[in-house]
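If you read the sequences in order, they're chains A and B. The C-terminal position of the first sequence is numbered 713 in our numbering, with every residue numbered one higher than the one before it. The C-terminal position of the second sequence is numbered 713 in our numbering, with every residue numbered one higher than the one before it. In what follows, a structure is listed as structure tokens, so that the remarks can point back to it.
There are 2 protein chains.
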Amino acid sequence: MSSGNFTLPGEAGYEKLTMELARRWGADVIRDSDGTRLSDEILNSGYTIYSTVCPVREHNEWIKAHPFARQQVFLSSRPAAATGDELVIQPMDGFFKEQFEINDTPDAMRFWQVYDRTEGLPLLSEDWRYNPKTACVVIRSKPWRQYSVSFLAWRVWEEISMYNHITNNWDKERLMQLNPYDPEALAYLQSWMQLWCGSHPRTGVVRFTSLFYNFAWIWGSDARNRNLFSDWASYDFTVSPAALDDFEREYGYPLCAEDFVRQGKYCAAHRLPGKKKLDWMDFIGRFVRRAAASLVDIVHRAGKLAYVFYDDSWIGMEPYNGHFEEFGFDGLIKCVFSGFEARLCAGAPVKTHEIRFHPYLFPVGLGGLPTFSPGGKPGRDAMIYWVNVRRALLRAKIERCGLGGYLNLTREFEDFNKAMDIILEQFRTIRELHDFGQPVKLGPRVAVLHAWGSLRTWTLSGHFHETERHILIHILESLSGLPFDVSFISFDDIDKSIPGDIDVIINAGMAGDAWSGGERWREPRIIENLTAWVHSGGAFIGAGEPSALDGGHTFLRAAHLLGVDIDDGERACHGNWAYETEPFPGLFPDCFELPSKENVCLIDGGTHVLAEVGGRPALTSKAFGEGRGVYLTGFRHGPGSARFLLNLILFASGRGLAPEGVSNNPDVECAVFPGHIVFINNSGEPRQASCRWNNREYAAELAAYGLIKEDL
Amino acid sequence: MSSGNFTLPGEAGYEKLTMELARRWGADVIRDSDGTRLSDEILNSGYTIYSTVCPVREHNEWIKAHPFARQQVFLSSRPAAATGDELVIQPMDGFFKEQFEINDTPDAMRFWQVYDRTEGLPLLSEDWRYNPKTACVVIRSKPWRQYSVSFLAWRVWEEISMYNHITNNWDKERLMQLNPYDPEALAYLQSWMQLWCGSHPRTGVVRFTSLFYNFAWIWGSDARNRNLFSDWASYDFTVSPAALDDFEREYGYPLCAEDFVRQGKYCAAHRLPGKKKLDWMDFIGRFVRRAAASLVDIVHRAGKLAYVFYDDSWIGMEPYNGHFEEFGFDGLIKCVFSGFEARLCAGAPVKTHEIRFHPYLFPVGLGGLPTFSPGGKPGRDAMIYWVNVRRALLRAKIERCGLGGYLNLTREFEDFNKAMDIILEQFRTIRELHDFGQPVKLGPRVAVLHAWGSLRTWTLSGHFHETERHILIHILESLSGLPFDVSFISFDDIDKSIPGDIDVIINAGMAGDAWSGGERWREPRIIENLTAWVHSGGAFIGAGEPSALDGGHTFLRAAHLLGVDIDDGERACHGNWAYETEPFPGLFPDCFELPSKENVCLIDGGTHVLAEVGGRPALTSKAFGEGRGVYLTGFRHGPGSARFLLNLILFASGRGLAPEGVSNNPDVECAVFPGHIVFINNSGEPRQASCRWNNREYAAELAAYGLIKEDL
């Protein structure tokens, strides 16, 4: 059995099991987890020890003594319609009372706002008052208009603690979270960190369960509507009067509640960021780096390494914002369901990249279904996630992997343990291949264009299941295992001209979202540059509602490149081009189909329909100058999707569909490393495949989910 | 056999057939048609004679001598992208050369515009020039921007003549059309009308094939894209430099090409009309009435009646604009596929309402399929259209009916003749019932709310098949045969308050269209009044994307009344309310289903989901004050739809679902007249039904498509 580069969660009380599994799986590290601890026997067993700390929780005593250092959030009350000239709104109505408490301190009240949502204007302060006794806002209303109250609330239950209590039936103390923006809190944290290092001599790696601010997760009071808002990339949980005041001093303009709550829509990462949001991210990001670096420094001075877990309270820690190295972390740990998450981790500028496999050793998975509890199939789940992730590992190096949770739960699930035997063997095989050198890439260099650009390299926001309705996450997931050079560019990056090292640009989203680009397409330079670039040979692939924006002569601003438009209702009286479908041989793997989209219309007689679904064009191609525009109605990651995307990128950029280095079986992918070729079978059935390389044919007979490495 | 109130098309050369069918079908009128003439034998046969005239065509000689009096249109060229600093556009490129010719007279060139479509701005006149020799516009361009040329074109082939030539293989002379806005042309027309009346002594009724300006119908040069734009209600074909100049003098501001071509989207009736369009309609409408009244006057002075056919060149003749009586017409003739068209005709303020049955006695129907030609089934078609129309005739009186086309074609289609035997018998039975008095209506008074209001009573624009994608036409068609009082109101009508005689308001459309209301929902008064009205007991039914408009805290501005919203992408991170479907007994007839709509979401725990489709709410209900908001995802007219709509209106307004006067079988409808009850079977199979009235039960056994009248 192979060994090394594997982090096993140990568990006090299960020392024998811990040692057994450490040996079985070749662990070199044993960790504690949120909810477990390591006994002296484990700590002294000779393994390197990772210790989990979450800087902002486990300080309930201190927080109780310093309630002003609790974390906060702007909330927007449910809008209510006035029936007369006075309207009473209970702002907390509908919010989870165990998560939030109104902050009605004078310092906070400065930031409260009452909005007339019918007209879209804030009320003057004399037109409403807050009654602290009843916790109600009394509004001088215009009859039949709708109003809502935007207010500051304390967050009184740390969200991950809350989630685990409720989902995994924890019954230990409910944790609060302190806000290190408060100087006293930060000083406390630093001294706590110092003490902690001193009292954990066996710890080799301090594993920060991320940092200070959780992603936005706003819960509701009604069990039928518990999740009000959840965005892995929102900064809603970073606010406090002190930070807002400092921001105003530094940036020269104030932020108000409405800048965060946006009519109750909040500022999800799927929407286009405006200047205010970007400024706030910049402001908070600098604070987070400064404060976190002071903790990392303490860890380093104690002779330990500092790794960070890139989930939960990660806000302010974008690995691709150009400042990640300022933290001084030695490693980045990312839990992974999917290939794109592995690429996200692998590309971050840090020494050690470690992935955390799903499922966690918890009774219930993140999706809410049983895993290590009756009805769960954790072995099957683990293998499915692994197969998702494995493709990406072929393309980019990940140094380490590991598990998290309650090790004792594995006792009842030998199917999981067997799956881990296979997974670890394959992980180490792939890891080693990267030591021989870079895997071979195919020619076309792909850029994904959206409003966030490189900041959101290999991600939208959160796990796959959180962003599933977005076409782009499906494309990223398929792309994560393809042998292409992939970059992520923003509209700012193409404002002057399209960078010279791009052959294919993909824009995939829904009208108005950050992924399609919305308002950014109103800038003539963007269209001009893209038009010039395609004309000179570039390939533009648009999926869903790419470049969609109202107000233009077409709804898709790149319609002239694609030869199709989306009818937003303006074309109800316009005729359609009749067409014959012209399938391109080999483009579609079996079992892959595009979705039907009702309002797609050809706007050009030169547009070729390569596939139709539901009697409407689903895939089109149009020559434009030396280049090409390709439109597809949508994209879902699944069987055949990655091969289709590979084919489409080759087709759009004018290459042949079956280049060397690509397997002849869509279920099987391969990667060519210096001296080696590796085949992976993504299917749960045995598969045969072959691949040409340097005019030689390599063949493989693969078991279900199998991996075969051959010498070249 | 019954007789009277029927207009038969005669045909010279088929005198025996004409007389035979006149007797068989009890005709009291014989007409000529576009393409046929009546011989002296027919003219002298003792029947009243309708003679068809189309005022603007059949004047080719005069038009050739007065080419400046031809009709015109603004066209917008295909946008083209500049590759350098000069771009050449051939404006006529893509347009049907047999329909249009460039008007490059100095008078017309004043109105030409060249637009930078990338930036959305018109070019200065020094930045482009037209070369009449090459018929090209040369543009000083910015590289990679798109430009289009908006220009005036002569229309050189009258569109109905063009259509019949091409569709029905006519080979007679191609007709042009004169523009009576030219004073010389109008004077010519008046003298022609005078002469015409003198030379047609046998004619009792001059049947105007509508008036001067055809609905917009812009054809393309490519057979794959022949129909570029077609809107039954657009004013595009009414323009001329003279009219535009007069407009500016009268209204104090000029119109330009862009006001008509709108980036090449043109001004379809499905879009919200702006002030400029409404002003232009007002301006042209007054001219059309003035000019047409002068012709009607000539007809009247010749001792004849003047009827008008409400299709084709009808622009400027809205029957519901409050000025229709100024024409002085004695009758209005409407060809009908559908119930809503019969209601449209029946409600117009004119003495005689006459419907023209489909199919016309032409080889090919309006939809392009064979009718009176091999493969056609005109008898089946006639019965299907009749069953559509018959429901509406139960609710509103139509005095006359008739046919049009080539009578000789009926010889090969006895199935059609037999169908007409039945249709005419049933028509006369229903017509007689109205002589006993008004049919009984159920309580709730329904108003359809859209941007056009009463101007577009019982219509969107054109026939059903032309507007089929719009939810509202399906609702109108179902509504046309229901026993409700129905009115059509605009946002102006509810700007002060909701009129007191309304119980149910229906708003049904797609975001941004005239039927949903688009920008009109930005006005707080509209929301306030609707909110107040529902709170005090009104029922608001929204279908599709009712009240949808961006920029608000909800995408549906009436979301607070409906309890649902449509997610435009802003709610990607918001949770959904869990719900249990609560079917309301009896609401859905068998075989009727609502469409699934992906982005519908509950925004209120008090919203009841009455039906779901595809795992999403499809029909919801929410109490609001004393009233109710009901949302449905869409609506298609078809089996069961009318009964569902009847049920829904009763449910929304708080009534029981099975009132007296409604049949117990959804396939069978009935109407109660003073002293009589009539049942109609809308199904092609025999049906039984019964109906309670005054606590008595009336029963009927109906043949396929049968009608049974019983005494009360």
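By construction, the Cβ of each residue, glycine as well, lies at the ideal position given by its N, Cα and C atoms. Every value quoted in this text rests on a predicted model; they were computed, and no experiment measured them.
| Query | Result |
| --- | --- |
| Let me make sure I understand the geometry here. Which of A:T634, A:R656, A:G564 and A:N666 has the alpha-carbon closest to that of A:D591? | A:N666 |
| Taking only heavy atoms of the ligand GDP into account, decide whether any of them is closer than 7 angstroms to the Cβ of B:G27. | No copy of the ligand GDP appears in this structure; indeed no ligand is present at all. |
| For B:Y254, count the other beta carbons within 10 Å of its own beta carbon; 16 or more makes it buried, fewer makes it exposed. Which is it? | exposed |
| Pick out whichever of B:E259, B:A258 and B:A244 has its Cα sitting closest to the Cα of B:Y252. | B:A244 |
| Run through DSSP, which three-state label would A:R391 get? | helix |
| Could one say the Cβ of B:C574 lies closer than 8 angstroms to chain A's Cβ atoms, at least one of them? | yes |
| To which residues of the same chain is B:L646 closer than 6 angstroms at the C-beta, ignoring the five residues directly before and after it? | S479 |
| By the 10 Å Cβ neighbour count, where 16 or more other Cβ atoms means buried, how is A:N180 classified, buried or exposed? | buried |
| First and last residue of the beta strand (DSSP E) that includes B:T53? | T49 to V54 |
| Would you check if the stretch 43-61 of chain B and the stretch 441-453 of chain B touch, i.e. whether three or more CB-CB distances between them fall below 8 angstroms? | no |
| Output, in chain order, the set of chain B residues within a Cβ distance shorter than 7 angstroms of A:W578. | R225 and N226 |
| Residues of chain A with a CB under 9 angstroms from the CB of B:K277: which are they? | Those do not exist, as B:K277 stays about 17 angstroms from chain A at its closest Cβ, beyond 9 angstroms. |
| Quick check on A:E529: buried or exposed, where buried means 16 or more other Cβ atoms within 10 Å of its Cβ? | buried |
| Determine the closest residue to A:Q689 out of A:L367, A:I495, A:C671 and A:E16, with distance taken between C-alpha atoms. | A:C671 |
| Please specify which runs of the beta strand (DSSP E), each continuous and at least 3 residues long, are wholly inside the stretch 119-194 of chain A, giving them in chain order. | 129-132, 137-141 and 147-156 |
| Is it true that the stretch 119-126 of chain B meets the stretch 174-189 of chain B, where meeting means three or more beta-carbon pairs spaced less than 8 angstroms apart? | no |
| In chain order, what residues of the same chain have a beta carbon less than 7 angstroms from the beta carbon of A:F230, not counting five sequence neighbours either side? | A217, I219 and Y267 |
| Under 9 angstroms Cβ-Cβ, which residues of chain A neighbour B:A347? | Here the premise fails: no neighbours, minimum Cβ distance about 26 angstroms. |
| Between A:Q147 and chain B, is there a C-beta pair that is closer than 8 angstroms? | yes |
| Return helix, strand or coil for B:W459, following the three-state DSSP convention. | coil |
| Taking C-beta pairs closer than 7 angstroms, name the residues in chain A that B:P525 reaches, listed in chain order. | T119, E120 and R146 |
| Would you call the CB atoms of B:V390 and B:I356 closer than 8 angstroms? | yes |
| Note down, in chain order, every chain B residue with its Cβ under 9 angstroms from the Cβ of A:S231. | C574, H575 and G576 |
| Looking at chain A, which residues of the stretch 242-267 of chain B have a Cβ within less than 9 angstroms of any of its Cβ atoms? | R263, Q264, G265, K266 and Y267 |
| Classify B:V89 as buried or exposed, calling it buried when 16 or more other Cβ atoms lie within 10 Å of its own Cβ. | exposed |
| For B:R470, would you say it is in contact with chain D, using Cβ-to-Cβ distances shorter than 8 angstroms as the test? | Included in the structure are the protein chains A and B, with no chain D among them. |
| Where in the stretch 237-321 of chain A do unbroken runs of the beta strand (DSSP E), each at least 3 residues long, occur, reported from the N-terminal end onward? | 306-310 |
| Measuring only between beta-carbons, confirm whether B:I316 sits less than 8 angstroms from chain A. | no |
| Quickly, what does DSSP pair A:L44 with across the bridge? List them, please. | Looking at the DSSP assignment, A:L44 forms no beta bridge with any residue, so it has no partner. |
| Measure the CB-CB distance between B:C336 and B:I399 and report whether it falls below 8 angstroms. | no |
| Sort B:F589, B:E42 and B:V601 by Cα distance to B:N577 and report the nearest one. | B:V601 |
| Please determine, among B:G606, B:G630 and B:H575, the residue with the shortest C-alpha to C-alpha distance to A:R225. | B:G606 |
| Excluding the 5 residues flanking A:V614 on each side, which residues of the same chain have their C-beta closer than 6 angstroms to its C-beta? | L595 and S597 |
| Which residue's Cα is closest to the Cα of B:R637: B:M511, B:F209, B:D35 and B:L473? | B:L473 |
| Alpha carbon to alpha carbon, how far is B:G552 from B:W522? | 11 angstroms |
| If I follow the unbroken beta strand (DSSP E) through B:A672, where does it start and stop? | V669 to F674 |
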